[in-house]
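One structure is given here, and the rest of the page talks about it.
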DNA sequence: TGTGATGTAAACGTCGTACTTAATCTGGGA
DNA sequence: TCCCAGATTAAGTACGACGTTTACATCACA
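Printed below as a string of structure tokens:
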């Protein structure tokens, strides 16, 4: 599911990253490059490149004479899509899912408001299309198909906002929605109210009603948070 | 100012990252590792590690036989603090500053609202302290000192929100405020209205008034956006 | 006995070379 | 004209050597 890239590098990176984010190496614990090289049966060159990437994510810190030490959670680059995926696959998924959903609840309403002002006709069409797709797949245990439309919908909104930082959260939202559908006990069918709200957001954006688009999206976010409260401990 | 790390690696990474984000290498253009190694007078090993990091930021893509190609802007990991710093130092600073300020305007009000609910007494004290510091340095061309308090203030709010994703935006906000102060033509003294608002936010958080904290922070954000409209083209 | 200077070794940092792999180009043949 | 095989090229991988930093222990001195 995860290892999209080929090459030794990817395998080691994914395994180590997953292990670290899962807390297998507690904060401050030390990993030595030789050890890792031996454990994965790769050269130290490969390990060093992996370490450099983990270092760039602020997951670890490499210091001479002491080794590669795991940094405290608060310093991790939690916006890196890979870190997000690792953490959603790991043990503290509920906490992570909640953090991300709160972030969405802050960002997406504003993005929807901007989208209502800036969306191109093509984007409006795409939005309506995805909303209809959600309606069509909202019954009969077709969660997988629904998920595709849901992700596409939110991606279009974020892109249509015209703000680059919002647009780049598309991947984050995709990970959240995917994680929610796959990993969590979810209802058999999505909440009908949420489906309706999506259709209405598409409407509001098409009509250029920024306030309404923002408010409706806020309702979607509130719904998502409440759903999380019900389904997560 | 930038090169905090030591070692050859950092120098090459910073230089290349800056060049790429500045658009010196247009999208799709190719860089060869041997070339870079020669240009910086380092071994290919060092260059490869740099490339791996740039690849992890989605700035470039490395493929056999073809070389290291620069990816389109839309795919960059723009939440990486280093990418942000590079771009703020580069040519499209105005656009970047605007994107980031819009992001702040979405996130910080919600964070302030949460902070009003969750802030510890220590955090409330820190908030008040920083707000007073802002007042004390708001006159007499003491922008540098003001900046320190401003950054600290917003960092405390984001941390006090209790949401990890918000907390990690502290660095982003710091970069934005620093970039705004250093790179941009700024008024000699900060806007008095903004200073007052910060004091009031500290009050609202202390009193646990979430709605007021949120609304006041929203006003700060609106002010920042308007200031940007005035000072940036 | 306590404290500071000194030495040592452990780990990462850098380098050069050699080999492997795969994408692209080229040219010959059907 | 089209297609396939081999040559070419640049990154991927591996290995071994040496350099550099620095935590830690040891020892000398007060």
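Chains as they are written, first to last, in this note's numbering: chain A, 1 to 233; chain B, 234 to 466.
Glycine residues also receive a C-beta, built at the ideal position from the N, C-alpha and C atoms.
For chain B, find out if any of its Cβ atoms is closer than 9 angstroms to the Cβ of residue i; answer yes or no.
i	result
residue 2/A	Any reading at residue 2/A needs caution, since the residue's pLDDT is 40, under 50, leaving its predicted position unreliable; the model's value is listed next. Residue 2/A does not count as touching chain B.
residue 14/A	no
residue 238/A	Missing from the structure shown is residue 238/A; chain A here goes from 1 to 233 and no further.
residue 73/A	yes
residue 122/A	no
residue 95/A	yes
residue 127/A	no
residue 99/A	yes
residue 114/A	yes
residue 106/A	yes
residue 9/A	yes
residue 80/A	yes
residue 49/A	yes
residue 36/A	no
residue 45/A	yes
residue 180/A	no
residue 52/A	yes
For a cutoff of 9 angstroms on Cβ pairs, would you count residue i as touching chain A?
i	result
residue 259/B	no
residue 309/B	yes
residue 192/B	Past the edges of chain B, shown from 234 to 466, lies residue 192/B, and the structure says nothing about it.
residue 255/B	no
residue 343/B	yes
residue 318/B	no
residue 336/B	yes
residue 296/B	no
residue 289/B	yes
Is the distance from the Cβ of residue i to the Cβ of residue j below 9 angstroms?
i	j	result
residue 260/A	residue 121/A	This structure cannot settle anything about residue 260/A, because the visible part of chain A is limited to 1 through 233.
residue 79/A	residue 401/B	yes
residue 111/A	residue 158/A	yes
residue 254/B	residue 331/B	no
residue 16/A	residue 36/A	yes
residue 385/B	residue 348/B	no
residue 217/A	residue 201/A	yes
residue 363/B	residue 431/B	yes
residue 100/A	residue 398/B	yes
residue 45/A	residue 278/B	yes
residue 179/A	residue 89/A	yes
residue 103/A	residue 195/A	no
residue 32/A	residue 67/A	yes
residue 113/A	residue 219/A	no
How would you label residue i, buried or exposed, when you count the other beta carbons within 10 angstroms and need 16 or more for buried?
i	result
residue 154/A	buried
residue 239/B	exposed
residue 373/B	exposed
residue 60/A	buried
residue 175/A	buried
residue 234/B	Low confidence applies here, because residue 234/B scores a pLDDT of 40, under 50, leaving its location unreliable; read the following figure in that light. By the 10 Å Cβ count, residue 234/B comes out exposed.
residue 324/B	exposed
residue 276/B	exposed
residue 318/B	buried
residue 257/B	exposed
residue 274/B	exposed
residue 82/A	buried
residue 222/A	exposed
residue 170/A	buried
residue 150/A	buried
residue 356/B	buried
residue 260/B	exposed
Check residue i in the structure and name its three-state DSSP category.
i	result
residue 296/B	strand
residue 42/A	coil
residue 69/A	strand
residue 455/B	helix
residue 107/A	helix
residue 78/A	coil
residue 2/A	At residue 2/A the pLDDT is 40, less than 50, meaning the model places this residue with poor confidence and gives no usable figure here.
Practice task
Please determine if the stretch 105-115 of chain A and the stretch 68-80 of chain A are in contact, where contact requires at least 3 C-beta pairs separated by less than 8 angstroms.
Solution key: no
Practice task
Pair every Cβ in the stretch 449-460 of chain B with every Cβ in the stretch 377-385 of chain B, then say whether three or more of these pairs are closer than 8 angstroms.
Solution key: No contact exists between the stretch 449-460 of chain B and the stretch 377-385 of chain B.
Exercise for the section: Take every Cβ of the stretch 177-194 of chain A, pair it with every Cβ of the stretch 132-140 of chain A, and state whether three or more of those distances are shorter than 8 angstroms. Expected result: yes
Problem - Stretch pair the stretch 281-301 of chain B + the stretch 50-59 of chain A: three plus CB contacts closer than 8 angstroms - result: yes
Practice task
May I ask you to verify whether the stretch 346-361 of chain B touches the stretch 427-446 of chain B, counting CB pairs closer than 8 angstroms and requiring at least 3?
Solution key: yes
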